[in-house]
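Trainee:
2 protein chains.
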Amino acid sequence: MSPQIERVRGTRDFYPEDKRIQNYIFEVWRASALRFGFEEMDGPLLEPVELWKEKSGDEIEEQMYVLTDRGGRKLAVRPEMTPTLARMVAQRFRELPKPIKWFSIQRFWRYEKPQSGRLREFWQLNIDTLGSESMMADAEVIATSVHIMRSFGFSADEFTVRISNRRLLNSMLRAAGIQEDKLREVCRVIDKREKLPNSEFRHMLSELGIPERSIESIEKFDLVKLEKIDAKNLDAEGIRGLSELQELFSYLRAYGILEYCTFDLTLARGLDYYTGTVFEVFDTSKEFRAIAGGGRYDNLVAQFGGDKCPGVGYAMGDVVLELFLRKRGKLPQLRQQIDFFVASTSKELYPKAVEIAQKLRERNYNVAVDLMERSLSKQVKYADSIGAARLIIVGEEELSSGCAKLRDMKSGSEKKIKLSELEKI
Amino acid sequence: MSPQIERVRGTRDFYPEDKRIQNYIFEVWRASALRFGFEEMDGPLLEPVELWKEKSGDEIEEQMYVLTDRGGRKLAVRPEMTPTLARMVAQRFRELPKPIKWFSIQRFWRYEKPQSGRLREFWQLNIDTLGSESMMADAEVIATSVHIMRSFGFSADEFTVRISNRRLLNSMLRAAGIQEDKLREVCRVIDKREKLPNSEFRHMLSELGIPERSIESIEKFDLVKLEKIDAKNLDAEGIRGLSELQELFSYLRAYGILEYCTFDLTLARGLDYYTGTVFEVFDTSKEFRAIAGGGRYDNLVAQFGGDKCPGVGYAMGDVVLELFLRKRGKLPQLRQQIDFFVASTSKELYPKAVEIAQKLRERNYNVAVDLMERSLSKQVKYADSIGAARLIIVGEEELSSGCAKLRDMKSGSEKKIKLSELEKI
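Protein chains in written order, with my numbering: chain A, 119 to 543; chain B, 119 to 543.
Right, dumping it as structure tokens:
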């Protein structure tokens, strides 16, 4: 006997009871995506490491699991879906009808310190619309995220979609005196604001050489109301961002989901590739990390060798979502579904039990039989342990008159049934 | 614009039309496994490389994609499921009710020369029963493979399950004069026989130092009929193997699947961990590699640090299966399913179209709307291109009387419908 080998830290084993929960999450994701007319796609799990270079921001690159294959090529286990998606769109850009509406439910790896809400192996739903510059597309992908959260049973009291626009934020930062070459770094600090004490937030901006007056302006960004922003104080980019946001919110009203959405200028999103709309789904208690996040990335496909192709999308991870579902008691009771267990009173009658089981399976019932050559009482006990709804007992006496016993496992009620009637059960 | 980065050789992109086919295969797999009472499970995609050392045979170890993580630990992208399964069973052996009946549908990587039926990234259904030594368990897993093939529409003319037993084969080899220390290597040569010219087969055995008389006996193994084997010529292990096979075939008769099953002594299966039953699913034309393969592995869980736990199971890959489905014309026409496209005659009416779409989605219809600010005629053309079944047109005139146009896209017939009636559609 070898010593037990342990699984990698930050990964999970999915025993059947865990896999049922994962499948429930996947089914809600899939149903919501299909409801809005998105189509499922997928790509390879390992891709050339170049696919992520300079596209995803330094943080993700550092977190990648990279190997060298026998041909000497460096491959990464994918840490996110968007580069694969951009590659696939670039490859067939001209032949694909627009808009391209794709989703995927897949596994990813990132080397992170495992902690609450963060694992090294996790799953994401990715939903993306490519080929449309219209805020109609942004509104729709946001609407899918709300549809998902509502499908899980969450109310407007429990979650919020925080929405902003990179163009507006950049313009507001410029208005606050931030130089163009500092925008990116300041955005990253703003992104971390919620996790930092205010003194630390100020310190980080100060370290970037941001003057005190600018810091004071940025500090008040969380108080900015969309309807109070005066276009006169904005440059052209800011005016465009503001009007995009106004249009987006008018569509969110049409979707009937305004109550779940809120404007939040302090939402920056770390990834460099976002160009306009950015949004994140949060629990309102702010106990957890973001449940989902995404935005508009109008330059990304061109970076992957394709034509210029606007895009908007997001990812929702399984780890934080499951924590939140548990916390709010929203996970349904999920049991194995066995419609029948067919038992026999002796090994001689086992073939008859198998025959009956096969007939029931042809009629799309989930059926189990004994596999352990157990006594009848042990078969019944096992049938009960796997939650079989009904039990059929094949015994000598009943069989001689073409019958078997049929027991409802819940009520315990039992009756004799003709085998010929099982065909109509 | 960067140059196009290409995906790794031996992998596939799954555009929606490809993913629909993959999902169809997965659904048939899943439905069949559930029909027999198996429960879905999963484990991490990367595991410590030690998990495969000395367990899976040298070939698989050579084919693994291995990386060193930032903690200096060697991890492999899993090339097969069984070691993970054995690890998970070993971890919870005592608390898991027996038999343990698990299945998984997952992605694997092996470094192989990409060729027809072999890719570097592929999917497998794995079905395993652990905790039972009875041939009842072997019969059931074989029955699931037949159920799958029949669900795909294949007949007994098109596929065969070839079945043998390692104990019987070992005993027959000993009877043919093969020394104990040569059994393993001879089995590997036998396994390759179908792919080799006879002269090469003889040569390989001869190279192993097998005497001519033994080679002549082994050459005739493909003619051996189960009912003709005389137990008197066998040692104890052979007698056990023979009786296991006889019992197995009696159960296969009870499952009503004898017509799909055939005894074939030349089936050895390369993997060292098989101890009794071995089987493979083949197309009868023998044009393709094996569609599925598996067997009994009674010592494997103990090797992973668990108690001794008998097991039997198999894997069915997606690559050969899909080739076979295509070849026999068994793939159904799979289209995106869009129940409604809701168009509007102007941007002003778009919110109304969205509102109607949302109501239909609440009633579980798959609904698409315009995302491109297109003219009505272009919206209709797009609706047609995505195969929308019905079209709703929101126009000024109809809307003023609380109505919209409803068009059946197939027949082209159109009628006016009250918006209030859409709630009951």
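Glycine included, each C-beta is placed from N, C-alpha and C at the ideal position.
Being a predicted model, the structure only gives us computed values, none of them experimental.
Taking 8 Å as the threshold (C-beta atoms), are residue 141 of chain B and residue 158 of chain A in contact?
Mentor: As a position in the first sequence, residue 158 of chain A is number 40, starting the count at 1. As a position in the second sequence, residue 141 of chain B is number 23, starting the count at 1. Yes.
Trainee: Measure the C-alpha to C-alpha separation of residue 500 of chain B and residue 359 of chain A and round it to an integer number of angstroms.
Mentor: One-based indexing of the second sequence puts residue 500 of chain B at position 382. One-based indexing of the first sequence puts residue 359 of chain A at position 241. Straight-line Cα distance between these residues: approximately 29 Å.
Trainee: Put residue 500 of chain A into one of helix, strand or coil per three-state DSSP.
Mentor: What you label residue 500 of chain A is simply residue 382 of the first sequence in a count that begins at 1. In the structure shown, residue 500 of chain A sits in a helix (DSSP, three-state: H, G or I).
Trainee: Considering only the beta carbon of each residue, do residue 517 of chain B and residue 474 of chain B sit closer than 8 Å?
Mentor: Position 399 of the second sequence, counted from the first residue, corresponds to residue 517 of chain B. Position 356 of the second sequence, counted from the first residue, corresponds to residue 474 of chain B. Contact: no.
Trainee: Using DSSP with H/G/I as helix, E/B as strand and the rest coil, what is residue 396 of chain A?
Mentor: Locating residue 396 of chain A in the first sequence gives position 278, counting from the first residue. Residue 396 of chain A falls in the strand class under three-state DSSP.
Trainee: With a cut-off of 8 Å, does the C-beta of residue 119 of chain B fall near any C-beta of chain A?
Mentor: Translated into positions along the second sequence, residue 119 of chain B becomes position 1. Residue confidence is low: residue 119 of chain B scores 42 on pLDDT, short of 50, so the model does not pin down where it sits. No coordinate-derived value is stated.
Trainee: What residues of chain B sit near residue 220 of chain A, judged by a beta carbon separation below 8 Å?
Mentor: Within the first sequence, the letter at position 102 stands for residue 220 of chain A. Residues of chain B passing the Cβ test: 134.
Trainee: So if I threshold CB-CB distances at 7 Å, which residues from the segment 411 to 426 of chain A count as touching chain B?
Mentor: Against chain B - using a Cβ distance shorter than 7 Å - the residues of the segment 411 to 426 of chain A are 420, 421, 422 and 423.
Trainee: Taking the alpha-carbon of residue 291 of chain B as reference, which of B/356, B/212 and B/530 has the nearest alpha-carbon?
Mentor: Start at 1 with the first residue of the second sequence, and residue 291 of chain B comes out as number 173. The residue with the shortest Cα to Cα distance from residue 291 of chain B is B/356.
Trainee: With 8 Å set as the bound, which would you pick, yes or no: does the beta-carbon of residue 122 of chain A sit closer than that to a beta-carbon of chain B?
Mentor: Indexing the first sequence from 1 puts residue 122 of chain A at position 4. By this cut-off, residue 122 of chain A is an interface position.
Trainee: In the DSSP assignment, the alpha helix (DSSP H) including residue 354 of chain A goes from what residue to what residue?
Mentor: In the first sequence, counting from the first residue as 1, residue 354 of chain A sits at position 236. It spans 354 to 372 - the alpha helix (DSSP H) in which residue 354 of chain A sits, taken as one unbroken run.
Trainee: For residue 192 of chain B, count neighbouring Cβ atoms within 10 angstroms of its own Cβ and tell me buried if that reaches 16, exposed if not.
Mentor: By one-based count along the second sequence, residue 192 of chain B stands at place 74. Answer is exposed; the Cβ neighbour count stays below 16.
Trainee: Quick test of your reading: residue 259 of chain B and residue 399 of chain B, contact by CB under 8 Å. State the CB separation rounded to the nearest angstrom.
Mentor: Position 141 of the second sequence, counted from the first residue, corresponds to residue 259 of chain B. Position 281 of the second sequence, counted from the first residue, corresponds to residue 399 of chain B. Not quite, the Cβ-Cβ distance comes to about 11 Å (not below 8 Å), so this is no contact.
Trainee: What are the residues that DSSP puts in a beta bridge with residue 222 of chain B?
Mentor: To locate residue 222 of chain B, count along the second sequence from 1; it is residue 104. Paired residue(s): B/244.
Trainee: How should residue 315 of chain B be labelled, buried or exposed, when 16 other C-beta atoms within 10 angstroms of its C-beta is the threshold for buried?
Mentor: Stepping through the second sequence from its first residue, residue 315 of chain B is reached at position 197. Burial call: exposed.
Trainee: Which word fits residue 452 of chain A, buried or exposed, when buried means at least 16 other C-beta atoms lie within 10 angstroms of its C-beta?
Mentor: Stepping through the first sequence from its first residue, residue 452 of chain A is reached at position 334. Exposed, since its Cβ has fewer than 16 Cβ neighbours within 10 Å.
Trainee: Given a cut-off of 8 Å on the beta-carbon distance, is the pair residue 178 of chain A and residue 198 of chain A in contact?
Mentor: Numbered from its first residue, the first sequence carries residue 178 of chain A at position 60. Numbered from its first residue, the first sequence carries residue 198 of chain A at position 80. Going by C-beta atoms, residue 178 of chain A is nearer than 8 Å to residue 198 of chain A.
Trainee: Under a three-way DSSP split, which group does residue 405 of chain B fall into?
Mentor: In the second sequence, the residue the question calls residue 405 of chain B occupies position 287. Correct three-state label for residue 405 of chain B: coil.
Trainee: For residue 485 of chain A, which residues from the same chain have a beta carbon less than 6 Å from its beta carbon, with the 5 sequence-adjacent residues on both sides left out?
Mentor: Locating residue 485 of chain A in the first sequence gives position 367, counting from the first residue. If we look at residue 485 of chain A and ignore the five residues flanking it on each side, its Cβ neighbours are 458, 475, 478 and 479.
Trainee: Could you check what DSSP says for residue 305 of chain A in three-state terms: helix, strand or coil?
Mentor: Numbered from 1 along the first sequence, position 187 holds the residue referred to as residue 305 of chain A. Reduced to three states, the DSSP call for residue 305 of chain A is helix.
Trainee: Taking only three categories from DSSP, how would you classify residue 534 of chain A?
Mentor: Counted from its first residue, the first sequence places residue 534 of chain A at position 416. Of the three classes helix, strand and coil, the one that applies to residue 534 of chain A here is strand, per DSSP.
Trainee: Quick one: grab the DSSP three-state call for residue 236 of chain A.
Mentor: Counting from one through the first sequence, the residue named residue 236 of chain A turns up at place 118. It is a strand residue.
Trainee: Drop a sphere of 10 angstroms on the beta-carbon of residue 165 of chain B, count the other beta-carbons inside from all chains shown, and report buried for 16 or more, exposed for fewer.
Mentor: Counted from its first residue, the second sequence places residue 165 of chain B at position 47. Per the 10 Å Cβ criterion, buried.
Trainee: Return the CA-CA distance between residue 81 of chain A and residue 401 of chain A, expressed in angstroms with no decimal places.
Mentor: Residue 81 of chain A lies beyond the stretch modelled for chain A, which goes from 119 to 543, so this question has no answer here.
Trainee: Please list, in chain order, the residues of the segment 448 to 463 of chain A that have any C-beta partner in chain B closer than 9 Å.
Mentor: Per Cβ criterion, the list reads 454, 455, 456 and 459.
Trainee: Hey, is the segment 201 to 217 of chain A in contact with the segment 424 to 444 of chain A, meaning 3+ C-beta pairs nearer than 8 Å?
Mentor: Verdict: yes, contact present.
Trainee: For the beta strand (DSSP E) containing residue 414 of chain B, name the first residue and the last one.
Mentor: In the second sequence, the residue the question calls residue 414 of chain B occupies position 296. Element bounds for residue 414 of chain B: 410 to 414.
Trainee: Please decide whether residue 509 of chain B counts as near chain A, where near means a Cβ-Cβ distance under 8 Å.
Mentor: Within the second sequence, the letter at position 391 stands for residue 509 of chain B. It does not; no Cβ of chain A falls within 8 Å.
Trainee: Can you grab the Cα-Cα spacing for the pair residue 170 of chain B / residue 201 of chain B, in whole Å?
Mentor: Here residue 170 of chain B corresponds to residue number 52 of the second sequence, with the count starting at 1. Here residue 201 of chain B corresponds to residue number 83 of the second sequence, with the count starting at 1. Taking the straight line from one Cα to the other gives about 7 Å.
Trainee: How long is the line joining the alpha carbons of residue 119 of chain B and residue 498 of chain B, rounded to whole angstroms?
Mentor: Reading the second sequence from its first residue, position 1 is the one you call residue 119 of chain B. Reading the second sequence from its first residue, position 380 is the one you call residue 498 of chain B. Only weak support exists for where residue 119 of chain B lies, its pLDDT of 42 falling under 50; the value from the coordinates is given anyway. Using only the alpha carbons, I get a separation of about 34 Å.
Trainee: Looking at the C-beta of residue 440 of chain A, does it have a partner C-beta in chain B at a distance below 8 Å?
Mentor: By 1-based counting over the first sequence, the position of residue 440 of chain A is 322. So, not an interface residue.
Trainee: Taking the alpha carbon of residue 405 of chain A as the point to measure from, which residue in A/372, A/487, A/522 and A/446 has its own alpha carbon closest?
Mentor: On the first sequence, position 287 is the one that residue 405 of chain A refers to. Checked all of A/372, A/487, A/522 and A/446; the closest Cα to residue 405 of chain A is A/446.
Trainee: Is the beta carbon of residue 185 of chain A closer than 8 Å to that of residue 185 of chain B?
Mentor: Residue 185 of chain B sits at position 67 when you count from the first residue of the second sequence. Residue 185 of chain A sits at position 67 when you count from the first residue of the first sequence. Yes. Within cutoff.
Trainee: Could you check the C-alpha separation between residue 369 of chain A and residue 265 of chain A for me, to the nearest Å?
Mentor: Residue mapping note: residue 369 of chain A aligns to position 251 of the first sequence, counting from 1. Residue mapping note: residue 265 of chain A aligns to position 147 of the first sequence, counting from 1. Cα to Cα, residue 369 of chain A sits roughly 15 Å from residue 265 of chain A.
Trainee: So, residue 382 of chain B versus residue 282 of chain B, is the Cβ gap smaller than 8 Å?
Mentor: Along the second sequence, read from residue 1 onward, the residue named residue 382 of chain B stands at position 264. Along the second sequence, read from residue 1 onward, the residue named residue 282 of chain B stands at position 164. Cβ atoms of residue 382 of chain B and residue 282 of chain B: closer than 8 Å.
Trainee: Spatial neighbours of residue 365 of chain A within its chain, please: CB distance less than 7 Å, with the 5 preceding and 5 following residues excluded, ordered by chain position.
Mentor: Taking the first residue of the first sequence as 1, we reach residue 365 of chain A at position 247. Once the five neighbours on either side are set aside, the close Cβ partners of residue 365 of chain A are 253.
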